[in-house]
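Everything in the sequence shown is counted per numbering that gives the first Met the number 0, starting at 0 for the first residue and increasing by one.
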Amino acid sequence: MPKPTRPHYLATILLIIQREQERLNEIIPKISTRELTLEQLRELRSEWPGSLSMIDVHQWVLGGLDNLVDEYERGRVYKSSLRGLARQLEAYESGTRSYLAEHDHPCSAFLNQRGKVLARYQQAFERIYEPNGPLPHELQASIVRHLRDGYDLPRMEPRTEGEGWMLVFDQARPRVESQVVDIALARKHRNPSPC
């Protein structure tokens, strides 16, 4: 069996965005039907800046959520606000792809005909970064942010103290700069979320 290809940085971004959209797709029906409580909406508001990697590009998502929280607090929720936020969440992945294309990052080479990341890139990502299970959402978002900031794909290194692994990001510059993210610590501090 051939060894999976090392993931390309753009395929990694697209894979993580795809996963984020899948989580958002689970939330959309709950928002549309008002199944979420005010407290759950507030929890999403506090989590999304850390767990959605491209939220800085899609500030309108947070604005729509803030508007919905305000309406819940006032006791008058408009269907147009529910539908508007649902549409914004549905467009998260496609909006991100458009953003990447505008910045000279063609995505089609990494996607199948259904618009999903090719299996070889997903397998390579899972083999390298997730041999013991999925990375926390916040850590996945951190990978995308680092890649957007010019860092190379992270490498896995054993933790210097204790068991487990760390992701180490090296920036491609004349003087190499590194940032270390402790996977065990990130998993330990992760709060379960509805998305």
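Using N, Cα and C, we set each Cβ at its ideal position, and we do this for glycine too.
Cutoff 6 Å; reference residue i; Cβ partners in own chain excluding five residues on either side
i	result
R158	M165
Residues near residue i in its chain [Cβ-Cβ closer than 7 Å; skip 5 each side]
i	result
Q20	Y91, E92
L40	L64, L67, V68, Y71
Residue range of the alpha helix (DSSP H) that includes residue i
i	result
P133	Here P133 belongs to no alpha helix (DSSP H), and DSSP marks it neither H nor E.
R86	78-89
Contact check, residue i vs residue j, beta carbons under 8 Å
i	j	result
V143	I15	yes
E89	I27	yes
L84	A140	no
L35	K29	yes
G49	E137	yes
L13	F124	no
Range of the contiguous beta strand (DSSP E) that encloses residue i
i	result
R154	154-157
Which residues DSSP lists as bridging residue i, in chain order
i	result
V116	L110
Same chain, Cβ closer than 8 Å to residue i, five either side skipped, listed in chain order
i	result
T11	Y120, F124, I142, V143, L146, L152
V60	W47, L51, I54, L84, Q87, L88, Y91
Every unbroken alpha helix (DSSP H) inside the segment 12-93 [4 residues or more]: Qualifying alpha helix (DSSP H) stretches, in chain order: 37-50, 58-73, 78-89.
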